[in-house]
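Number of protein chains: 2
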Amino acid sequence: MNKTAIIVAGGTGARMGTQLPKQFLLLAGKPVLWYTLQRFLESFSDLEIVLVLPEAHWELGNQLLEAYFPGKAIRMVVGGSTRFESVRNGLQTIEPGGIVFVHDGVRCLLSASLIQRCYQHAVEYGSAIPAVVATDSIRVVSGSENQVADRNQIRLIQTPQTFRTDLLLEAFSKATHNQYTDEATVVEAMGMPVYLLDGEYENIKITRPTDLLLAAAIIQQSSIIA
Amino acid sequence: MNKTAIIVAGGTGARMGTQLPKQFLLLAGKPVLWYTLQRFLESFSDLEIVLVLPEAHWELGNQLLEAYFPGKAIRMVVGGSTRFESVRNGLQTIEPGGIVFVHDGVRCLLSASLIQRCYQHAVEYGSAIPAVVATDSIRVVSGSENQVADRNQIRLIQTPQTFRTDLLLEAFSKATHNQYTDEATVVEAMGMPVYLLDGEYENIKITRPTDLLLAAAIIQQSSIIA
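Those protein sequences? They're chains A and B, same order as listed. Under my numbering, the first residue of the first sequence carries the number 50, and numbering increases by one thereafter. Under my numbering, the first residue of the second sequence carries the number 50, and numbering increases by one thereafter.
Following this line, the structure appears as structure tokens:
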């Protein structure tokens, strides 16, 4: 079955406090995005990648692909002004049928095994949204008040959010605004359920400087083991 | 005003996969618990510490205090079979009046500044519960279904959960069971509101091996800066 990964790499580095967007920061000598792309290429030999980048980072993206992935099935698409628009721009370039993964470019620590589990789950159920239970207690804030929530009912959502391509294409064609924060909510807005599966605690979104420290430590340790 | 920190160090290392309980694992050559105790001692010169430990770790605790904190205002108390019971055992040894912090022993990366902010906030409002907004999207699971939640209304709760001592003593005296997962819920069960303040993203609870990696990386970086 066709497999396409839409990798969204639209961050500007605002929370990271760096000039270089975080997806291009170096981890053990290679850009964050290198690890993400590499993991997808490893997971399936017949997988195609659509890398969605802001126009401002087009040249950086080109250099990365030429340096590390010459001849690989990766094409670049210009992003939009929201995540929804960026993913839509990517979706407009892919064929119906098969399975599509939508992944945050800065979640560079996912395993090939997670990608494979998401694929199998999406083939079976139509969608696969990786999620983990929070380690901390949870409270729900409402105005100036707050109340404890049952931690076991709360899931922290990760990517790759994975779908039968036709389902996601239909959901995007029926979307009524462009502010959806992820693809699961686009599908949900169409009245379709989405299905969760176990994510990975290491599959963090690199957002703050400490996340980069953690990622470097994990990569360093895994290369010692390897 | 009297200041007491009840440091709960009851973990057994089940999720860490180690023989040594995680609060005694080494980070840059010192036990996790050393960093936690040190941070509290740094935050206020007149603060007393009650270290709550399972009986099985009593000797380890003694050795740590003798090696690193001789003559410091730290006393040990034996924990109970739940977190609630452990904290209650600690509370039974402290005087009314003043402010009490209840802190997870394995949150060793908090700053002295967070401890000081919690103190001021608890003096003013009666309680101070450090919390951060989740980085990930959030879903609420109910049976086999799940639904997106507004991430901006969800808070991940940290410690030190800080209270006017009299308020916490009263809440504990009125508690109707021993399964409360934190002190905020004990106070809330009495019908009293609790007040949140901004926590710190680095103030993680060391639970899994990657948390230890992150903690080591943060400590290494901060000592280079220092």
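Using N, Cα and C, we set each Cβ at its ideal position, and we do this for glycine too.
| Asked | Found |
| --- | --- |
| Sub-9 Å separation of V197(B) and A220(B) beta-carbons | no |
| Residue range of the alpha helix (DSSP H) that includes D95(B) | From DSSP, D95(B) is part of no alpha helix (DSSP H); its letter is neither H nor E. |
| Classification of E276(B) by the beta-carbon crowding that lies within 10 angstroms, buried from 16 upward | This structure cannot settle anything about residue 276(B), because the visible part of chain B is limited to 50 through 275. |
| Residues, ordered as in the chain, of the segment 173 to 189 of chain A that lie near chain B by beta-carbon distance below 8 Å | I178, A180, A183, T184, D185, S186, I187, R188, V189 |
| Interface flag, I143(B) vs chain A, CB-CB below 9 Å | no |
| Inter-stretch contact at 8 Å, needing at least 3 Cβ pairs: the segment 156 to 170 of chain B / the segment 184 to 192 of chain A | no |
| Where E194(A) meets chain B, residues with beta-carbon distance less than 9 Å | P242 |
| Alpha carbon of K79(B) to alpha carbon of V155(B), nearest angstrom | 13 Å |
| Chain B within 9 Å of T211(A), Cβ atoms only | no |
| Delimiting residues of the beta strand (DSSP E) encompassing K223(A) | No beta strand (DSSP E) contains K223(A), which is instead part of the alpha helix (DSSP H) from 214 to 223. |
| Pair within 9 Å by beta-carbon distance, I56(A) and V127(A) | no |
| Closest by C-alpha distance to R213(A), when choosing among L205(A), V190(A), M241(A) | M241(A) |
| Same chain, Cβ closer than 8 Å to N201(B), neighbours up to 5 away in sequence not counted | V182 |
| Under 8 Å by beta carbon: chain A residues contacting T256(B) | T184 |
| CA nearest to the CA of E97(A), picked from I268(A), L140(A), L245(A) | L140(A) |
| CB contact below 9 Å: Q72(B) versus chain A | no |
| Sequence-distant residues of the same chain with beta carbon closer than 7 Å to F118(B), five excluded per side | L86 |
| Candidates Q270(B), Y250(B), T225(B): closest to P179(B) by CA position | Y250(B) |
| Where S193(A) falls: helix, strand or coil (DSSP) | coil |
| CB contact check: R200(A) to chain B, cutoff 9 Å | yes |
| Exposed unless 16 or more other CB atoms sit within 10 angstroms - verdict on N252(A) | buried |
| Residue from K52(A), Q68(A), V81(A), G59(A) with nearest C-alpha to A265(A) | V81(A) |
| Option in H152(B), L113(B), K52(B), A77(B) with minimal Cα separation from G248(B) | H152(B) |
| For R124(B), the first and last residue of its enclosing beta strand (DSSP E) | 123 to 127 |
| 9 Å Cβ cutoff, E134(B) in contact with chain A | no |
| Below-9 Å beta-carbon distance, A233(B) vs any chain A residue | yes |
| Identity of the residue in S135(B), P103(B), A238(B), C157(B) nearest L74(B) by Cα | C157(B) |
| Alpha-carbon spacing of N111(A) relative to M125(A), whole angstroms | 8 Å |
| Any C-beta of chain B under 9 Å from that of S191(A) | yes |
| Beta-ladder partner(s) of V151(A), from DSSP | I55(A), Q210(A) |
| Beta-carbon proximity check, T131(B) vs Q228(B), cutoff 9 Å | yes |
| Classification of W107(B) by the beta-carbon crowding that lies within 10 angstroms, buried from 16 upward | exposed |
| Under 8 Å by beta carbon: chain A residues contacting L100(B) | Correct list: empty, because the minimum Cβ distance to chain A is about 22 Å. |
| CB contact below 9 Å: Q228(A) versus chain B | no |
| Spatial distance of N195(B) from V243(A) (CA atoms) | 8 Å |
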